[in-house]
């Protein structure tokens, strides 16, 4: 069971908590849910933001955790490119070249600000009402791949956007015994079930997918 971190806009320092998934949550959303996806990838070329409407999840009645179909509509998406200075800054973090560990702590907050600014910009540019968004899912910026470490503080994102944020997906998956790709098999099966294998970016992993 993957237990991500969830943060909400609040003056309460305990607003961030581990989300214990109830059986209701495992059954999926029962109405259309508007979600923002947010990340900066290994290419370090910019911040990707997308706004999506997810239809109620269709699941296997014999196994509530088995996804049958995932249907969504893309409302807006955009990559906000890093300036050369920002890209060099992130690459230096990834190279583990900072002598002072507090530089990484500062970067965690700074990256959260950059992510939040990207979310706010896309919502403004696309004319989407912020109040209509139920959740932001933030992957973060990968600093270390083995072991996994992503930065971009989700408390900062929640405070600066006013939207509930979920994150810490990769480390939660590793803690649960996974390979830090918690949604990979799910997405490949639901979107690419006609293929038997998929190459996964820099990790060069091969995933076998059983036909439904």
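Residue numbers (this note's numbering): 1013 to 1224.
Note that beta-carbon positions come from the ideal geometry of N, C-alpha and C, so glycine has one too.
- In the three-state reduction of the DSSP assignment, residue 1110 falls in the coil class.
- A check of alpha carbon separations from residue 1178 across 1172, 1187, 1151 and 1067 identifies 1151 as the nearest.
- Within the stretch 1159-1197, the complete beta strand (DSSP E) runs of at least 3 residues fall at 1160-1163 and 1177-1179.
- Taking C-beta separations shorter than 6 Å and ignoring five residues to either side along the sequence, the partners of residue 1085 in its chain run 1065, following chain order.
- Apart from the 5 residues on each side of it in sequence, residue 1099 sits with its Cβ closer than 6 Å to the Cβ of 1056 in its chain, given in chain order.
- Cβ contact annotation for residue 1083 (same chain, cutoff 7 Å, sequence separation greater than five): 1067, in chain order.
- Residue 1093 is bridged by DSSP to 1058.
- With distances taken between CA atoms, residue 1170 lies nearest to 1123 out of 1069, 1058, 1123 and 1114.
- Here residue 1092 is near residue 1130, since their CB atoms are less than 7 Å apart.
- For residue 1155, the enclosing beta strand (DSSP E) has its first and last residue at 1147-1157.
- The residues 1142, in chain order, have a CB closer than 7 Å to that of residue 1135 in the same chain once the five nearest residues on each side in sequence are set aside.
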